[in-house]
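Following: one structure in structure tokens, then a few remarks.
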Amino acid sequence: MKVCKFGGTSLASAEQIKKVCDIVTSDSERRLVVVSAPGKEFENDIKVTDLLINLAETFLKTQNCEKELDAVVSRYRRIAEGLNLGNEIVKDIENNLRTRIMLGYDHEEKFIDRMKAAGEDNSARLVAKYLKSIGYNAQYINPKDAGLFLSDEYGNARVLPQSFKNLSKLRDMDGILIFPGFFGYSLSGEVVTFSRGGSDITGSILAAAVEADVYENFTDVNSVFAANPKLIENPKAIPVLTYREMRELSYAGFSVLHEETLAPVFKKGIPVNIRNTNNPEAAGTMIVTTREIKNGPVSGIAGSGGFITINIHKYMMN
Ligand code: ASP
4 MKVCKFGGTS LASAEQIKKV CDIVTSDSER RLVVVSAPGK EFENDIKVTD
54 LLINLAETFL KTQNCEKELD AVVSRYRRIA EGLNLGNEIV KDIENNLRTR
104 IMLGYDHEEK FIDRMKAAGE DNSARLVAKY LKSIGYNAQY INPKDAGLFL
154 SDEYGNARVL PQSFKNLSKL RDMDGILIFP GFFGYSLSGE VVTFSRGGSD
204 ITGSILAAAV EADVYENFTD VNSVFAANPK LIENPKAIPV LTYREMRELS
254 YAGFSVLHEE TLAPVFKKGI PVNIRNTNNP EAAGTMIVTT REIKNGPVSG
304 IAGSGGFITI NIHKYMMN
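Here is the structure:
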């Protein structure tokens, strides 16, 4: 069984979602699929998660967010139209958002997390509906039903250990399972999210729970590069990295994976394959336990603004 996760740019439009579904259905082992919220479709576009944060903050300030709500629903409407899904799913998404607003809150972070999570949640419902409409046995999985429980640290949750056993049962379910990334539930039943970019973490937790053969993380680059391609012309592609190298590079500024992604898969030794939704033929980058050093000692160069590490050495001190 393969667990695949698709990032925001892979969900940004109907065209992109069709590519996602082609990739999923081209391999019968791809049965557990984690999706992000629709990301940027073009350079100055706004991610659905950012639209939702704006909606939540506007509501908290003014108790009114009709314009902001419309901006979110319009994004989904455009996607649903491009997938020929009809208006019912758009109405469902609007109702889903209105219910979240109406549920009220006793503190602001709780409300913001509930709204933020709507991006992934509705994205997963939409993808499952589309797969069914083209004849596949697919279903949306609710993280609460599946038992993904998180600490109640709003906006920065951690997975609770019992989740792994609960989620392992997904392995025995039929068909293609579409699981929303980025959020789970606290033990008291509230929606809680990971930090931004956290759908990567959901994928890793699921891959560890079902003991997947590989965790395929689909994004919009052909591989991890040895330096930032926006700063360095033609950096070398990295075919294989160790968990340790990747974790270190993510921590210091590589934005390919969320820096907390690797812990669950690392513990089980499940390889991670970073791949490109727009070029699924490319082999991508494999992240594994050990690798042969063929290219010299440097695996990559990362940089991050406002970041410094200080190493202190003292004779006779460990
Ligand atoms: N949609 C969330 C974000 O923009 C989570 C994710 O995409 O991984 O941060």
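With the working numbering, the residue at position 203 of the sequence shown is 206, and numbering never jumps. Each residue gets a CB set at the ideal place from its N, CA and C atoms; glycine is no exception. Here the structure is a predicted model, which means the values were calculated and not measured.
Which residue or residues does DSSP assign as beta-bridge partners of residue i?
i	result
Thr-245	Val-291
Gly-187	Val-195
Leu-35	Val-6, Leu-180
Tyr-143	Ile-181
Thr-222	Asn-279
Leu-88	Leu-88 is not bridged to any residue.
Val-217	Lys-5
Phe-45	DSSP lists no partner for Phe-45.
Phe-152	Tyr-188
Gly-162	The sequence shown places Val at residue 162, not Gly. Leu-153, per the DSSP bridge assignment.
Ala-240	Phe-228
Skipping 5 residues on each side, what residues in its chain have a beta carbon closer than 8 Å to that of residue i?
i	result
Ser-166	Gly-150, Leu-151, Phe-152, Leu-153, Gly-187, Ile-208, Ala-212
Ser-16	Pro-41, Glu-44, Arg-81, Ile-82, Gly-85
Ile-56	Ile-115, Met-118, Lys-119
Ser-77	none
Leu-106	Arg-117
I believe residue i touches residue j by the beta-carbon criterion, under 8 Å. Please report the beta-carbon distance rounded to the nearest angstrom.
i	j	result
Glu-219	Lys-5	6 Å
Thr-326	Phe-185	With the chain covering 4 to 321 only, the question about residue 326 has no answer from this structure.
Asp-206	Lys-8	Looking at the sequence provided, one finds Gly at residue 206 rather than Asp. Yes, they are in contact, since the Cβ atoms of Gly-206 and Lys-8 sit about 3 Å apart, within 8 Å.
Val-227	Thr-288	4 Å
Leu-173	Leu-35	6 Å
Tyr-139	Thr-28	6 Å
Ala-160	Tyr-143	Wrong, their Cβ atoms sit about 21 Å apart, outside the cutoff.
Tyr-157	Leu-86	With a Cβ gap of about 32 Å, Tyr-157 and Leu-86 do not count as contacting.
Arg-117	Val-194	5 Å
Thr-222	Val-259	7 Å
Val-162	Ala-210	Not quite, the Cβ-Cβ distance comes to about 13 Å (not below 8 Å), so this is no contact.
Thr-264	Ile-315	Not a contact, Cβ separation roughly 29 Å.
Asp-155	Ser-191	7 Å
Ile-20	Val-93	Between Val-93 and Ile-20 the Cβ distance is about 15 Å, and since that is not below 8 Å, they are no contact.
Thr-293	Thr-245	6 Å
Glu-123	Ser-39	6 Å
Return the chain-ordered list of same chain residues with a C-beta closer than 7 Å to the C-beta of residue i, the five sequence neighbours on each side being excluded.
i	result
Asn-125	Tyr-79, Ile-96, Asn-99
Asn-90	none
Asn-282	Asn-225
Pro-238	Phe-228, Ala-229, Ala-230, Pro-232
Thr-65	none
Ala-121	Leu-55, Asn-99, Leu-100, Arg-103
Lys-271	Ala-211, Glu-214
Val-51	Ala-40, Pro-41, Val-75, Arg-78, Gly-122
Near residue i, which residues of its chain fall below 6 Å by C-beta distance, leaving aside the five closest residues on each side in sequence?
i	result
Phe-257	Ala-305
Arg-33	Lys-5, Cys-7, Val-27
Pro-146	Gly-187
Cys-68	Leu-58, Thr-61, Phe-62
His-110	none
Gly-309	none
Lys-22	Thr-280
Please list, following the chain, all residues that have a C-beta closer than 5 Å to any non-hydrogen atom of ligand 1. Matched residues: Gly-11, Ser-39, Ala-40, Thr-52, Phe-185, Arg-199, Gly-200, Ser-202.
Is the number of C-beta pairs between the region 46-62 and the region 242-262 that are closer than 8 Å three or more? No, because fewer than three Cβ pairs between the region 46-62 and the region 242-262 fall closer than 8 Å, the two stretches do not touch.
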